[in-house]
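In case it helps, the numbering used here puts the sequence shown at residues 15 to 309.
Glycine included, C-beta positions come from ideal geometry on N, C-alpha and C.
Small disclaimer: the values here were computed from a predicted structure and weren't measured.
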Amino acid sequence: MFDNLSDKLDKAFHILKGHGKITEVNVADTLKEVRRALLDADVNFKIAKDFTTRVKEKAIGADVLTTLQPSQLMVKIVKDELTELMGGDAVGVNLSGNPSVILMSGLQGSGKTTFSGKLANFLTTKKNKKVLLVACDIYRPAAINQLHVVGEQIGVEVYSEPENKNAVEIAQNAIKHAKANGFNVVIVDTAGRLAIDEEMMTEIANVHKAIQPQETLFVVDAMTGQDAVNTAKAFNDRLDFDGVILTKLDGDTRGGAAITIKSVVNKPIKFIGTGEKMEAIDVFYPDRMADRILG
Ligand code: GDP
């Protein structure tokens, strides 16, 4: 992951490492390469440009030219800026409800169902919670079955009403069931479409309004690059979600989505998916991600 971006940034810093005396021109060249590396990794143009402008200001402020190891200082400045861009500190999910309701949103294929299972498993095994998974996809029976398979795999109960075509009702009934049976967390997996459509958006907005979740999460496939950012924007406009889940970061992603999403929707990335297995979930730490990107 991020190999390409890491390599390119490494090369950019080499410009500084190679010179006995560092000049403003070297620094400018390095920043040009940093910007190019970000653009190649699918980072949006304005964000890449603003990023290098900020790094330049900090480099001037830190008097980078007069330090003994200018390339190290530049790497540090770039790392701090990357961390800031991706959200600063790590943010958890809100589990203050009784039960806490978590609504999952996103396109079909983004990894929503898989992530619902991963999160249920994480909260059960790591946080000692009693979790109920809810299958709220009223269009694809296969999606309901898939959640049941996931639930069985991790030993978590799955609530579904295969005959009911009203997603709001299913979600409300599930929460009643959770309250009556002492569940601490309810994770509602909703229907997704291959592309954003009005019917799906209205349906999830209705579910959102009816159940008032403590946490609405938007799941997106990191491999979809700039599209991931556009989809995030469309969902956020409708749902004003609380956080982003970036899946498939184990794949051959160029990483731009991780860097860009936070600044476009101004919502934190909370977790990442790094594989198909139920254990392949990580809390998103912006500084660790910046370390990974910088290699
Ligand atoms: P949904 O339609 O949004 O519910 O998506 P699914 O959960 O069915 O996932 C779609 C496909 O992506 C499945 O084949 C999953 O196994 C796969 N998948 C989900 N998350 C990840 C991940 O983090 N890494 C990888 N490599 N595959 C994933």
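Close CB contacts of threonine 261 within its chain, under the 8 angstroms cut and outside five residues either way in sequence, are with Ser124, Gly125, Thr128, Phe129, Val233, Val234, Asp235, Ala236, Ile286, Gly287 (chain order). Threonine 204 is a Cβ neighbour of leucine 117, given a cutoff of 8 angstroms. Here the alpha carbon of isoleucine 61 sits roughly 8 angstroms from the alpha carbon of serine 277. If you check the C-beta of serine 124 against ligand 1, you find a heavy atom less than 7 angstroms away.
Rounded to whole angstroms, the separation of the alpha carbons of leucine 147 and threonine 139 is 15 angstroms. Note on geometry: alpha-carbon atoms of lysine 70 and valine 57 lie some 18 angstroms from one another. By the neighbour-count definition (other C-beta atoms within 10 Å, threshold 16), glycine 75 is an exposed residue. Its Cα nearest to that of threonine 67, the residue Leu45 stands out among Lys25, Leu45, Leu52. Taking a 10 Å sphere around the C-beta of histidine 222, we find 16 or more other C-beta atoms and assign the residue as buried. A straight-line Cα-Cα distance of about 10 angstroms links glutamine 122 and alanine 157.
Relative to leucine 19, the option among Leu96, Gln83, Leu87 whose CA is nearest is Leu96.
For phenylalanine 136, the enclosing alpha helix (DSSP H) covers residues 126 to 139. Taking 8 angstroms as the cut-off, the Cβ atoms of glutamate 213 and alanine 181 do not count as close. Within the DSSP secondary-structure output, alanine 149 pairs in a beta bridge with Asp203. A distance below 8 angstroms between beta-carbons, with the five flanking residues on each side excluded, links glutamate 38 to the following residues of its chain, in chain order: Leu79.
By the 16-neighbour rule on beta-carbons within 10 angstroms, serine 110 is exposed. For glutamine 167, the CB stays at least 7 angstroms from every heavy atom of ligand 1.
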